[in-house]
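Visitor: Residue numbers (the working numbering), protein chains in the order written: chain Z, -17 to 161; chain L, -17 to 161; chain X, -17 to 161; chain U, -17 to 161.
By construction, the Cβ of each residue, glycine as well, lies at the ideal position given by its N, Cα and C atoms.
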DNA sequence: TTTT
DNA sequence: TTTT
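(1) Does any residue of chain X bring its CB to less than 8 angstroms from the CB of residue 56 of chain L?
(2) Report the three-state DSSP secondary structure of residue 43 of chain U (helix, strand or coil).
(3) Suppose the cutoff is 6 angstroms on Cβ atoms and the five residues either side in sequence are ignored; what does the same chain contact list for residue 67 of chain L look like?
(4) Less than 7 angstroms separating the Cβ of residue 24 of chain L from some heavy atom of the ligand FAD?
(5) Going along the chain, which residues of its own chain have a beta-carbon closer than 7 angstroms to the beta-carbon of residue -4 of chain Z, five neighbours each way excluded?
(6) Using 8 angstroms for Cβ pairs, my map puts residue 58 of chain L next to residue 78 of chain L. What's the rounded Cβ distance?
(7) Which chain L residues are close to residue 81 of chain U, counting only those with a beta carbon under 9 angstroms from its beta carbon?
(8) With 16 as the cutoff for other CB atoms within 10 Å, does residue 39 of chain X come out buried or exposed?
(9) Any idea if residue 65 of chain X is buried or exposed, counting beta-carbon neighbours within 10 angstroms, 16 or more meaning buried?
(10) What does the Cβ neighbour count give for residue -2 of chain L, buried or exposed, with the cut at 16 atoms within 10 Å?
(11) If distances are taken between C-alpha atoms only, which option among U:20, U:37, U:22, U:54 comes closest to residue 31 of chain U?
(12) Using Cβ-Cβ distances below 7 angstroms, what residues of the segment -10 to 8 of chain X are close to chain Z?
(13) The beta strand (DSSP E) with residue 29 of chain X in it runs from where to where?
(14) Could you give the DSSP three-state label for residue 6 of chain U: helix, strand or coil?
(15) Can you give the Cα-Cα distance for residue 82 of chain Z and residue 69 of chain X, rounded to whole angstroms?
(16) Excluding the 5 residues flanking residue 27 of chain Z on each side, which residues of the same chain have their C-beta closer than 7 angstroms to its C-beta?
(17) Step through the CB atoms of chain X and report whether any lies within less than 8 angstroms of the CB of residue 61 of chain U.
(18) Let me know if residue 71 of chain U comes out buried or exposed under the rule of 16 or more other beta-carbons within 10 Å of its beta-carbon.
(19) Can you tell me the Cα-Cα spacing of residue 19 of chain Z and residue -10 of chain Z, whole angstroms?
(20) For residue 60 of chain X, is the classification buried or exposed, using 16 other Cβ atoms within 10 angstroms of its Cβ as the cut-off for buried?
(21) From residue 4 of chain Z to residue 25 of chain L, what does the alpha carbon distance come to, in whole angstroms?
(22) By Cβ distance, which residues of its chain are closer than 7 angstroms to residue 14 of chain L, with the 5 residues on each side in sequence left out?
(23) Distance check for residue 12 of chain Z and residue 74 of chain Z, CA to CA, integer angstroms please.
(24) Label residue 63 of chain Z either buried or exposed according to how many other C-beta atoms from any shown protein chain fall within 10 Å of its C-beta, with 16 as the threshold for buried.
(25) Examine chain Z for any beta-carbon lying closer than 8 angstroms to the beta-carbon of residue 43 of chain X, and answer yes or no.
(26) Under the three-state reduction of DSSP, which class applies to residue -4 of chain L: helix, strand or coil?
(27) Going by alpha carbons, who is nearest to residue 37 of chain U out of U:23, U:8, U:52?
(28) Quick check: is the beta carbon of residue 106 of chain U nearer than 8 angstroms to any beta carbon in chain L?
(29) With DSSP as the reference, label residue 122 of chain L as helix, strand or coil.
(30) Taking the straight line between their C-alpha atoms, what separation do you get for residue -17 of chain U and residue 10 of chain X?
(31) Given this structure, state the Cα-to-Cα distance separating residue 1 of chain Z from residue 23 of chain Z, to the nearest angstrom.
(32) Between which two residues does the beta strand (DSSP E) containing residue 54 of chain U stretch?
(33) When you compare only the Cα positions, how much space is there between residue 86 of chain Z and residue 51 of chain L?
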């Protein structure tokens, strides 16, 4: 089967970075993607699309993107469900970002060249360099200049729905890792 | 901004065709898209992605696809929200299918060549050339052979969330048309 | 069948705008898209992808993009062939851009909000609603501030291969219109 | 930058499988993708898009696809150039297939469930299982039933342009590996 | 014939 | 050099 999404939009808020109990980074953010057309009232709407990104690119996203950043996402549409606090099954559709592209030019946040935070399709892995997957051809590892002040939390258990992180952390474990 | 999705999967149920008060066709269906990889337990999961399609292609979908049909979708990710019966705001992410491709070969349902039901990607054009929009190079208008028996309803008001059509039709009007 | 391409990259040169004998605008440009990974020598390469765009969006491209501009393209891969001056058949693969997104932020060339030049994705609609096709929700018609100085030619016959416009205009007629 | 292509079409010929001097599998094939719309003469054309796929998925393609097979490709547009026999530089645009999806249902060639030959974004690689990358969740490794009779060649040097394999093998070495 |  |  096939499943591919490409988005370009702006972060509605700073990304949210967390770690699974076993230490895997997960970042979530919402992209506002303005529609190309206007509605019947003549105004342009936007779609607000929830995105998840894992591991190294998650950390890059947390470090280099913030509210308002222009970013591109290449990934897959994913669905999951969980039982909310009222015991009702909730269905969630979101985008699993395999790579996130920073499109804020030269000036913004920090990166001097427009970074590419590629995710789990990592080519160089084939040559055996375990450990820095997702770090494809950019040098974020070496020089991470002036990182954003980040209030990223380190839960031992994080909210099942990373977008509604209303405090009570629940039950996303490593089982939710997409690999 | 950019927003593009391509999916290939199978319908989880027969598509649901409805009409807005002003007579515009809307079909909804869910595509099961098997993932290319297995989870930690070693089994292959699927994503269940809700899709909406409008106008002529909606009718083609209703006529030529059914539960289990293999179909391709080219469209956009869209989000909307509505207030449910408990007065709580519900956020929905779904795929607006601009074109739907029938991938069931020769034999199945009916179409002899694999039809392409192209949708509303030329949005502003729709007002005024009623009748052959979306009918791009296929001949579904002329020969719709052995249509599926269809129980499609014709509400004057349809459910705000077309995927949870639990009977009580609410408040989707022409305002929900994406053009 | 399905055919979808999404690209983000930079123009290698100013776009080239021409007109068919019947007055239809065609712009061509090449996008340099840097690869996410490095080659065996450790350096990052780029793909140089030829793009074609028709009608109103063609004019927008010519007016608002220039060498080095960051742009997004949503379109289809297309192939054609022609006989070159030695009578040899030449096969060409390029991207037909249905919409072009200007991603140069606020400052650059002109546009204040990042325009979206949507193209010919509603093909059959074009006959008859001349004039505002492709102008989806942006206001380029009204305010085209400080247009680039443009040396766009108006051939009565343009080169069959718009990317090798080596002077001798040949044989692209309206037959090459993708609709 | 971003670069994503999704195609569904039919193979115009049996795929061509070769090996680089160092033993890496490369398959090439051309997808005929029918256009959704008709040209001015009213007939439906097709695009003939050259595709390349590497390693394990290359072998799967060679084993399970043949002329006429319906297949989906998820990959990137790539460009390269080489000097032909007349010493003239030739520019090539093709699709690097990261994953290839077999869409021929139940009956055809062999596979009983519609295989997914995923390419070099292989998730399970992250856990260290070198050697069977690209084999994502399908079981082609174990049961490759009734393989097609294949005349696949094993050049020590293969043609620089894998699509014009006119006999004289030239100069594609491991340098052409996209990783 | 390539962009930052 | 094109597929159903």
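Guide: Taking the geometry as given:
(1) Yes, its Cβ sits closer than 8 angstroms to a Cβ of chain X.
(2) Residue 43 of chain U falls in the helix class under three-state DSSP.
(3) Taken in chain order, the list of residues that qualify is empty.
(4) Questions concerning the ligand FAD fall outside what the structure shown contains, since it holds no ligand whatsoever.
(5) Counting only Cβ-Cβ distances below 7 angstroms, and skipping sequence neighbours, we find 48, 49.
(6) Their Cβ separation, rounded to whole angstroms, is 5 angstroms, which keeps residue 58 of chain L and residue 78 of chain L in contact under 8 angstroms.
(7) Per Cβ cutoff of 9 angstroms: 18.
(8) By the neighbour-count definition (other C-beta atoms within 10 Å, threshold 16), residue 39 of chain X is a buried residue.
(9) The residue is exposed, with fewer than 16 neighbouring Cβ atoms inside 10 Å.
(10) Answer is buried; the Cβ neighbour count reaches 16.
(11) Ranking U:20, U:37, U:22, U:54 by Cα distance to residue 31 of chain U puts U:54 first.
(12) Those residues of the segment -10 to 8 of chain X that come within reach of chain Z (Cβ to Cβ, closer than 7 angstroms) are -10.
(13) It spans 26 to 36 - the beta strand (DSSP E) in which residue 29 of chain X sits, taken as one unbroken run.
(14) Coil, per DSSP.
(15) So the two alpha carbons sit approximately 46 angstroms from each other.
(16) Short of 7 angstroms from the beta carbon of residue 27 of chain Z, and not among the five residues preceding or following it, lie these beta carbons of its own chain, in chain order: 17, 21.
(17) With 8 angstroms as the cut-off, residue 61 of chain U counts as an interface residue toward chain X.
(18) Label assigned to residue 71 of chain U: exposed.
(19) Counting only the Cα atoms, residue -10 of chain Z lies some 16 angstroms from residue 19 of chain Z.
(20) Classification for residue 60 of chain X: buried.
(21) Rounded to the nearest angstrom, the two C-alpha atoms are 21 angstroms apart.
(22) Within the same chain, residue 14 of chain L has close Cβ partners -9, -8, -6, 28, 30.
(23) For the pair residue 74 of chain Z and residue 12 of chain Z, the Cα-to-Cα distance works out to about 14 angstroms.
(24) With fewer than 16 other Cβ atoms within 10 Å, it is exposed.
(25) Cβ-Cβ to chain Z under 8 angstroms: no for residue 43 of chain X.
(26) Residue -4 of chain L sits in coil when the DSSP states are folded into three classes, being neither helix nor strand.
(27) Considering only alpha carbons, the answer is U:8.
(28) Any reading at residue 106 of chain U is ruled out, since the residue's pLDDT is 28, under 50, leaving its predicted position unreliable.
(29) Confidence at residue 122 of chain L is low in this model, with a pLDDT of 27, below 50, so its placement is unreliable and the value that follows should be read with caution. It is coil, neither helix nor strand.
(30) Their backbone Cα atoms lie some 20 angstroms apart in a straight line.
(31) The straight-line gap separating the alpha-carbon atoms of residue 1 of chain Z and residue 23 of chain Z is approximately 43 angstroms.
(32) For residue 54 of chain U, the enclosing beta strand (DSSP E) has its first and last residue at 52 to 65.
(33) Cα to Cα, residue 86 of chain Z sits roughly 42 angstroms from residue 51 of chain L.
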